[in-house]
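Structure record follows, encoded as structure tokens.
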């Protein structure tokens, strides 16, 4: 009888390991290696070139003493919370409307979702045009006789972030709606029947039964929106380029400008590290809820 | 006195006719089972009664009130679903009281109804748990409780036991029967399981392709199926059918075998046409006792399937398969030749042309 | 623009016929994309193509703020272009120190650059450790205000001759439905205007103390407070100016929508492209008409190191060409900037340029912000100024405090 | 009563049949009304883009951006496509379009190939540690790109790929990997495991099973992944602006340059034509793929 030798552990599933090399390399080199590299360099006073010239927390101190950064954070918080609230609410309401066994459901869904296929650059530019006070909405309303009407969000530092929000919501709510619709469709039809037998009006069923049942869907949507918000860059660049003044600055743009424009890499690294931290603040509790509960060992 | 009455009911999904001119009268306190293979329209009919589906034509009366256009909640019905359909984020108590609260039933009234339902169903200890923390059987009890607290006369069950395993199903079946005996409500129960139907029903309506094939007591359906479909559907193992004709009056002839129909109760008297001769496997007698039967013949056991309490023997008469259910202790082995016999009075004969009982 | 394109195509075509195999492609990056600027670049391209090489244009739109990062990351990224525009000064310091730039000392010595470049400070800005790494191509001065004759005529007032008169006439302009001061929304514009007002109101000494010696006390002092007050007043004058880019703002002056614009002498090119004549259609006042001075910032070209000797040869060729007399004249006339050498005939230059040349000849010069401040500090000041400009709730005093803090931190 | 196949007609009074519904019930008016308003809001920008791009500049200056074009002209389209300038390059957006195509094809192909093999290895050939790497990968999807931009510059420089097409392909492959791997892993996990076992019993190896069993069964998911990647890469701006040089700028970057840099008067009609042109590719994919697009984003998202 032939003795089958136990193969070396390393070589077991060798092909699979080779196939997974790109993934392993990406995970280790890019996602971990690059991140660590940037964090380490955020403690240096690197200017144009990265140098290991440590200055402790000086970059962070400056960061939090810089008005532009504070404006960016403020904008991000405002934009983030507003777009979370609005896109979840609007997305859910639209999904509910489409869930009413209506005619032309596909047409409506197609219309509401199409902006999601467009790039932020396109979105930013078209809304820049619509919100242009000389030609756009303001002009139209004025020509209707309301000559004092003012609607120039992109030129008014106080409300510019609303201008960006309008464009961002236009682009993104369709996506949230689709997720919500999938969630609604995933709900057992018999629940609806039961609530009709119980004589519960459908709005109450949505609030007290369906929404609680869709908690995982809401959380997923929330995490997706939140992760997207932190990365907001293209939209601002195309729509306002941070202006007027610094009124619509966002952290991603601050990082880019610090790294490449102000030639202050250390500062850019510090800012991006703070961005990472803010993502982790959202991500870790979510991951804990999502995975931690089920598998105790992770 | 009718509790639920369905008149000339039509239901179409687009061009597909799901229910066709259906009439049904259900008495107060009756336990009616709608039985049929999947897609026969039985659940659809139940949903129409509940008002969850709009009918295309016809009427539905509940407690002598025309409820055709009423909302489900106004029809005086309670319903129990296959998937339980409990509200997952509410406690058992919340599930039981949600509908009542919504109907603005006074608080103490809700309390007492919930307490009563919980007592009847023995779910008091579970009142503060959420559905996720309950077993399947417990969930279904809660679902029944939700129908119970509505204090209605008509209960609708949509395959309530199908998601449970065999043992629980048997337990809960008895429970439902006990409940019916206690409450004396009208119950309409949809199932594809003939055991449930036979054990629970006062009357069974067997449905096929949107039509009721037979509406009768379980015994009648078992003993005197109106057509070949019903005969084949009811009974396990199902009925044997021999292909032959009755060209000689009072005699069934298949191949070289002739069976004298003797005391068979014809519906309209014997006909001279090709027929199916149906006979239930469990009504066959084997061995020496067979000789005392009006008909007997010698056959060979081809396959023997022992099932403990009894044994199913596959044999054939005139090259047509014929199953025989014998006692579990019987010693017939594959290849054995043995004698079988039966009383043709217990047979069911169907006209081959329209498959109706003759 | 189209004719320009044709011109380029034509010259390229001619060259490829004449020069054939010797042609070396040299990619040149720059951020000169406005009409006047592009016409000036075409002069370089034309001259370079005439040598039998091939100018590959790498224009990057969006101004220096957008283009510099692209340029620098490419040099750092190991994908250097043949030559690139950078403001001379401290922007390229580290790149030179890292040994990424071609040493031009040999051709500079050969061409006697030290003698011909005027003012010599320009060449100093190109010098690191005694070696020369860049070619200054022009002098650009921020210290100008451009005034629209049409706007003032519409408002029924005389064209002012200094800043005070300008602010005095603002009401008349507003009454005539004009924006007194045009200002683009980009940060470098408000920051540049601040520098101009700083010199005009506060004087050169104060400016030097703060920007060269990084004297934070002076930055917080009462003299500087006056500068901030004036700057705040300018902010009020620019209300209603919503344009983004500087040339859009210039266009407001050209069309008479706005009374004036504080902008560097590159605005000259826009007037020229629009067919306007200095002294007839518009007036330029150096140092806001208060303090006639020229800042000697400007553009320089750097030549990133390259392994290919043919490319290196072409780089040196281009460097020599850029500082040569005919190219200097042709380029600067189009660009509206002053040439870097004092020994050439600029008599064809217009009114405004002549004024600039005179001031230059008289030696009323100062360094440019870019030459004395790091990109980081400049960036911080830009951020502050643009914020101040757009956030009317920020008082001049607050802005001054923030400014002083930046200066205190500056290196 | 024995035979109640019941085709007898019963006398009926009162309501019968379906409850009569008014087509204009308040509920319907509300639902369709809201949906119509919403649809208008979503369609408005598309309409404005199209209308503006078909107008001449005089008409734009006089008029109303919502008014339909009176004198329809395709001049702005021609100009946007082949004449619009960034700096001295007046080749219009066409250059950016072809750059995008050049970036797109290898990026999509390579990223999908690698991710599908990864997903397959994770789903069917579990090895020790695989899950750890996968978890890191998924976390990586949420790390802001800004933190990895600069090291990536250095990395590409060291590989000699900076500013080259290959560099950008690598970047897209790396940053597209988490979501694609997840997509494929989930899909392969959902295939019946018996199939994989049967193939192994039949002696097929890692690659054999992948190419002969898995690949042919996974055409839909490949289409989904392609839709995801084509739109994602086409719409990318950040990587395009950082890791390419001006003559290789993808369409989005070039669009931003054309629109946000001005020579004299802003030509809004040309800008809108250019914007539309850039949006056309993903829009066509979106409208053509319909449900698959939805499935792609939903699969990528909900299962995360």
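Chains as they are written, first to last, in our numbering: chain A, 1 to 298; chain B, 1001 to 1358; chain C, 2001 to 2411; chain D, 3001 to 3304. For glycine and all other residues, C-beta sits at the position ideal for the given N, C-alpha and C. Note that the coordinates shown come from a computational prediction; the quantities given were computed from them, not determined experimentally.
CB contact check: residue i to chain D, cutoff 9 Å
i              : result
residue 2097/C : no
residue 47/A   : no
residue 279/A  : yes
residue 2074/C : yes
residue 2059/C : yes
residue 13/A   : yes
residue 1174/B : no
residue 288/A  : no
Between the CA atoms of residue j and residue i - distance to the nearest angstrom
i              : j              : result
residue 3055/D : residue 1050/B : 59 Å
residue 209/A  : residue 1108/B : 24 Å
residue 2345/C : residue 2338/C : 11 Å
residue 2076/C : residue 2094/C : 11 Å
residue 2320/C : residue 224/A  : 56 Å
residue 2104/C : residue 3255/D : 37 Å
residue 1017/B : residue 1210/B : 8 Å
residue 2297/C : residue 2365/C : 10 Å
residue 1004/B : residue 1185/B : 11 Å
residue 2374/C : residue 2188/C : 14 Å
residue 2144/C : residue 2352/C : 10 Å
residue 1328/B : residue 1309/B : 5 Å
Strand pairing of residue i, partner residues [DSSP]
i              : result
residue 2085/C : 2301/C
residue 2134/C : 2302/C
residue 1320/B : 1317/B
residue 1163/B : Paired residue(s): none; residue 1163/B is not in a bridge.
residue 1189/B : 1033/B and 1157/B
residue 2366/C : 2295/C
residue 3218/D : Its beta-bridge partners do not exist; DSSP assigns none.
C-beta neighbour in chain B for residue i, strict 9 Å
i              : result
residue 3015/D : yes
residue 3018/D : yes
residue 101/A  : no
residue 202/A  : no
Cβ of residue i within 9 Å of any chain C Cβ
i              : result
residue 3157/D : yes
Contact with chain A by residue i, beta-carbon distance below 9 Å
i              : result
residue 2180/C : no
residue 1089/B : yes
residue 2389/C : yes
### Message
Can you pull out the residues from the stretch 1057-1082 of chain B whose beta carbon lies closer than 8 Å to at least one beta carbon of chain D?
### Response
Of all residues in the stretch 1057-1082 of chain B, the ones placed with a Cβ closer than 8 Å to any Cβ belonging to chain D are 1057, 1058, 1059, 1066, 1068 and 1069, in chain order.
#### Entry: Near-chain C residues of the stretch 141-157 of chain A - C-beta to any C-beta below 7 Å
Considering only beta carbons, the part of the stretch 141-157 of chain A lying closer than 7 Å to chain C consists of 155 and 157, in chain order.
### Task
Go through the stretch 3034-3064 of chain D residue by residue and report every complete run of the alpha helix (DSSP H) that reaches 4 residues or more, in order.
Taking only runs of at least 4 residues, the alpha helix (DSSP H) segments lying wholly in the stretch 3034-3064 of chain D are 3057-3062.
### Query
Hey, which unbroken runs of the beta strand (DSSP E) at 3 residues or more fall wholly within the stretch 2208-2296 of chain C?
For the stretch 2208-2296 of chain C, whole beta strand (DSSP E) runs of length 3 or above, ordered along the chain, are 2258-2262 and 2282-2286.
### alpha helix (DSSP H) segments (min. 4 residues) lying fully within the stretch 1010-1071 of chain B
Those alpha helix (DSSP H) runs which fall completely within the stretch 1010-1071 of chain B and span 4+ residues are 1042-1050.
### Near-chain C residues of the stretch 243-265 of chain A (beta-carbon distance less than 9 Å), N- to C-terminal order
From the stretch 243-265 of chain A, only 243, 244, 245, 246, 247, 249, 256, 257, 258, 259, 260, 261, 262, 263 and 264 have a Cβ closer than 9 Å to chain C.
### Task
Give, in chain order, every residue of the stretch 3267-3291 of chain D whose Cβ lies closer than 8 Å to some Cβ of chain C.
With the criterion set as a beta carbon lying under 8 Å from some beta carbon of chain C, the stretch 3267-3291 of chain D has no members that meet it.
### Task
Pull out every residue of the stretch 3194-3210 of chain D whose Cβ sits closer than 9 Å to any Cβ of chain A, in chain order.
Residues are counted here when their Cβ sits less than 9 Å from a Cβ of chain A; for the stretch 3194-3210 of chain D these are 3205, 3206, 3207 and 3210, given in chain order.
#### Entry: Sequence ranges, alpha helix (DSSP H) only - wholly within the stretch 3179-3210 of chain D, length at least 4
Counting whole runs of 4 or more residues, the stretch 3179-3210 of chain D contains the alpha helix (DSSP H) stretches 3193-3201 and 3206-3209.
### Message
Using a Cβ-Cβ cutoff of 8 Å, what residues of the stretch 1040-1059 of chain B are near chain D? List them in chain order.
### Response
Sequence-ordered contacts of the stretch 1040-1059 of chain B with chain D read 1054, 1055, 1056, 1057, 1058 and 1059 [C-beta pairs closer than 8 Å].
### Task
Would you list, in sequence order, the uninterrupted alpha helix (DSSP H) runs of no fewer than 4 residues that lie entirely inside the stretch 3107-3169 of chain D?
Taking only runs of at least 4 residues, the alpha helix (DSSP H) segments lying wholly in the stretch 3107-3169 of chain D are 3130-3142 and 3146-3159.
### Query
Taking only runs of the alpha helix (DSSP H) that begin and end inside the stretch 18-74 of chain A, which ones reach a length of at least 4 residues, in chain order?
Entirely contained in the stretch 18-74 of chain A, the alpha helix (DSSP H) runs reaching 4 residues are, in chain order, 21-25, 35-41 and 58-64.
### Task
Can you give me, in chain order, the residues of the stretch 1003-1017 of chain B that have a beta carbon less than 7 Å from any beta carbon in chain D?
Identification of residues in the stretch 1003-1017 of chain B having a C-beta nearer than 7 Å to some C-beta of chain D yields 1007 and 1008, given in sequence order.
### Message
Give me the subset of the stretch 2132-2157 of chain C whose CB atoms are less than 8 Å from a CB atom of chain D, sorted by chain position.
### Response
Cβ contacts with chain D come from no residue of the stretch 2132-2157 of chain C.
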